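Inspection log for the structure reproduced underneath, given as C-alpha cells.
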Amino acid sequence: MLDVRFDCYYRYADLTRILKDFAATYPDLMTLESIGQSYEQREIWLITVTNHQTGTAKDKPAVWIDGNIHATEIAPSSVCLYFLDVLTKGYKNDPEITRCLDTRAFYICPRVNPDGAELALADKPKFLRSGTRFYPNPDAVEEGLIEEDIDGDGRILLMRIPDENGPWKVSPVEPRLLVRREPTETGGQYYRVFREGKVENYDGVSIPIKPLKEGLDFNRNFPFMWRQEDEQKGSGDYPTSESEVRSLVQFISNSPNIIGALSFHTMSGVLLRPYSHQSDDKFPPEDLQVYEKIGKEGTKTTGYQAISIYHDFRANAQDYVTGAFDDWMYEHRGVFAWTVEVWSPMEYAGIQDYHLVNWFREHPFEDDLKLLEWSDRELNGEGYIDWYEWEHPQLGKVELGGWNGLYFWRNPPQSVLEKELRRFPKWLVWNALISPCLELYETKVEALGDDNYYLRVAIQNTGWLPTYITQKALEKKLARGCLCFLKLPSGVSLKMGKEQEDIGHLEGRAYQASAITWRTGDATSDRALVEWIVQGEKGSKIDVEIRCDRAGVVRTQLQLLE
Ligand SMILES: [Zn+2]
C-alpha cells in the first residue's frame, strides 16, 4: 500500500519503499530503476513517469528533475515525492496533467546523494556538503571544531561560550538573541559562538574551524568548466570522478529526448539559471529571452524570483562557481536547466525586500526578531532553541541553543513542508508542456497509373519550443532534427525520394513577439513535407516513421489505393 506523507522527511529505506510502492501502484504510469550506485553502494533511484499506453518515455520529449545532491538539502526529495503524488492523482482528472503524461515524460531522481542524506537524517546527525568519500586529502589529521550532536538530542545547534574577547553579546531587546558587539565596546559579558561539536586535538587555546575530511561538492564535479581543487573547492579528482555525478551524466547523455532540467536544492526561495561564471551577454540572445520567459512563468506559479547566478546570486564579486549541473546541461546538452533553491524562512517571517546573498552578512536586527517570533508562533519554538547549559567534555560549561540549522534554515520545518511543496507541480508540468511535439499534419496517396503512386506525409511541431530547443544546441550541433524512415514491403520499389531522409529541425512559437505589428508574418517553418513515388501492387501497405530526438515520434501507414 502506498503510504507517503509530506509532514516528515524520509530516510533511505523509507524513500526506497515509497518509490517501489509508487511503481507497483501505478504500473501504467511509472517505472523505477537504479541508474547507478553511490560511493557507499546505495542505489540511485530514478522513476520515469509517462502514460506507457501512448508510447515509451524514450519516444517522448522528457524533463529531468532531481533533488538532494547536497547532503543536508533533504526537502528536494520531498519535492519529487510530492510531484509524483500530484501526477498520479491528476492523471485522468486534470486535463493538463493528462495531456502532459500522454505526450511527454518525466525522469525524476529524488535523492542523488543517498549517502550524505542518510547522515543528515540519522538519529545522531552529521552534516556534509555532499558525499562521504574523504577528499581531497584522505589522510588529513582532523583538528579543531568538528560539528557533532554532542548531547545526543538529534539536533546540531549552536554552542556559546563566555569569552572576554568574544564578538557577541546578549540583546537588550530579546535576551534569547545575540547581537554583535560594537567596534569600540569593552567591559561587558561577551560570547564566542560555534556550531555544536567537539574539538579534535584541543591544546587548551586554539579552536580552528577546518574543512571536513568529506570535502566533496558533487555540484562542482560536472564536466563543463571543471576546475581543480585549488580553484574550485569540492570539484573532485576529474570531471564526473564521483559515482553519483557520473551516474547522472551517463543517464542524461543516453537520453537525447531530455529537453529541460530542474535540479532542486535549498535554500533561498529562488529560481536560478546559468550562467554561473559569465555574464548574460554571452548567451545567444534568443536563449536568454526564452530563459527569461520560462523564469517569468516560474515566478508566476511558484512565487519565487527567477535570477541569474552570475549577476544575482554570487557571494563574492571576485569569485564564481564552476562544474555545476545547470551550466553543464545548458552548455553541453543544449537545454534550459534550472537550479531551484527551495524555501526561505525570511519569506514566512514576513521579511521583505531582502537581498538573497548579502542578508547573511548584514541585516537589521528587526529581521532576527521577526524570525524568532515566527519560530515561537508557528513552530512552538522549535526553530530557535533557548540556550541551555551543558557540560562539554573539552570546553567545560557551555550553552547549547540558537537556530535549528537543519529544520529552520536548511529545510522547511515539517509543519510547513507541504505548503512549500505545493508551489512546484504546476511549473514542472508547464516545463514539460512547452517542449516541441511532433504530430502528423497530413498524409496523401495518389495513383499515377501503371502501379505508380505519389505519396506524401506532412508533419508539424505543435509545441512551443523549436525541436532543437536552444540556439546553443544548434550552434554546437547537439541535437538531430527530424528523421523520416519509409519501410517498403517486398514488391514495392522506390522511384523517387529516399527511404531515410533528414528533414531537419522544425520551429516552434517561443520567439514570437508579445503583439502583432506591421512586420508580423508566421512562416510555416513548424511544418515539413516528405514526398515519394513508389511502384507496387495496389493494396500494399507502407509504414512511415518520423522521429525527432527532442520532439517524439510519429508513426503512420500509407496504403496504395486509387
Ligand atoms: Zn545545494
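In the working numbering, the protein residues as written are 50 to 611. Where a beta carbon is used, it is the ideal one built from N, C-alpha and C, also for glycine. This structure is a prediction, so every number in the text was calculated from the model and none was measured.
Counting along the chain, the unbroken alpha helix (DSSP H) around A398 starts and ends at 394–398. Of all C-beta pairs linking the segment 315–328 to the segment 506–518, fewer than three are shorter than 8 Å, placing the two stretches out of contact. In this structure, E293 places its C-beta atom within 7 Å of the C-beta atom of V161.
The closest heavy atom of ligand 1 lies less than 6 Å from the beta carbon of H119.
Between the C-alpha atoms of F414 and T519 there is a straight-line separation of about 45 Å.
The straight-line gap separating the alpha-carbon atoms of T348 and E192 is approximately 45 Å. Contact between the segment 78–89 and the segment 414–427 is absent: fewer than 3 CB-CB pairs across the two stretches fall below 8 Å. Check the Cα spacing between E278 and each of P272, I582, D286: the tightest is with D286. Per the DSSP secondary-structure output, H314 pairs in a beta bridge with E390. Each residue's CA atom was taken as its position, placing S464 and F55 some 9 Å apart. In this structure, P288 sits near W275, with a CB-CB distance shorter than 7 Å.
For E122, the Cβ falls inside the 6 Å cut-off from some heavy atom of ligand 1.
For I591, the closest of D202, T605, D551 by C-alpha to C-alpha distance is T605. Here W113 has Y156, I307, A310 as same chain residues with Cβ atoms under 6 Å from its own Cβ, once five neighbours each way along the sequence are excluded.
As the crow flies, the alpha-carbon of K69 is around 22 Å from that of F313. As summarised for the segment 205–243, the continuous beta strand (DSSP E) elements at least 3 residues long and confined to that stretch are 207–211, 217–219, 227–229, given in chain order. Positions of the alpha helix (DSSP H) runs, each at least 4 residues long and wholly inside the segment 500–554, are given as 520–524 in order along the chain. Per the C-alpha coordinates, the member of G246, H326, W458 positioned closest to R209 is G246.
Nearest to E586 by alpha-carbon distance, out of A496, D598, K521, is A496. The closest heavy atom of ligand 1 lies 6 Å or more from the beta carbon of H360. In summary, C57 is exposed, with fewer than 16 beta-carbon neighbours lying within 10 Å of its beta-carbon over all protein chains present. Ranked by Cα distance from F71, the first of V128, D134, K345 is D134.
Per DSSP, C149 is not a residue of any beta strand (DSSP E); the alpha helix (DSSP H) it occupies stretches across 144–152. Beyond the five residues adjoining it in sequence on each side, A559 comes within less than 6 Å, by CB distance, of V339, W513, L514 in the same chain, given in chain order.
L194 places its beta carbon 7 Å or farther from that of L449.
L555 and T516 do touch by the CB rule: their CB atoms are close to 5 Å apart, below 8 Å.
Q443 and N250 have their C-alpha atoms roughly 10 Å apart. Judged by pairs of C-beta atoms under 8 Å, the segment 426–443 does not touch the segment 349–361, as fewer than three such pairs exist.
If you draw a straight line from the Cα of A189 to the Cα of K262, it comes to about 7 Å. Per DSSP, the continuous alpha helix (DSSP H) segment holding H360 begins and ends at 358–361.
Residue nearest to L78 within the set D376, P538, T103 is T103 (criterion: CA-CA distance).
Relative to ligand 1, the beta carbon of H381 is positioned no closer than 6 Å to any heavy atom. If you compare the alpha carbons of I123, L81, E89, C158 with that of D115, the shortest gap goes to C158.
The alpha-carbon of D368 is positioned some 32 Å away from that of L226. Under the DSSP definition of a beta bridge, H441 partners with G445. Using a 10 angstroms sphere on the CB of R599, the tally of other CB atoms reaches 16 or more, which defines it as buried.
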